[in-house]
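Trainee:
In my numbering, the protein residues as written are 153 to 215.
Here it is in structure tokens:
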């Protein structure tokens, strides 16, 4: 824990609060964008896995 030798000014507290709010908004926006992109990412991963399986079947001659 940090012990300050002088209390922060009202402006410093306002700037600290503003930076905290902006950080929280950026975090929330990132979480939202990640959430809405989950289904397309899962679909791409599934297609990629299927393509690899098909390639290996073709390559190894396991029809």
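Each residue gets a CB set at the ideal place from its N, CA and C atoms; glycine is no exception.
I need the DSSP call for residue 161, collapsed to helix, strand or coil.
Mentor: Residue 161 falls in the coil class under three-state DSSP.
Trainee: Along the alpha helix (DSSP H) that carries residue 154, what are the first and last residues, could you check?
Mentor: Looking at the DSSP string, residue 154 is not in any alpha helix (DSSP H), and its letter there is neither H nor E.
Trainee: DSSP on residue 206, reduced to helix/strand/coil?
Mentor: In this structure, residue 206 counts as helix in the three-state DSSP scheme.
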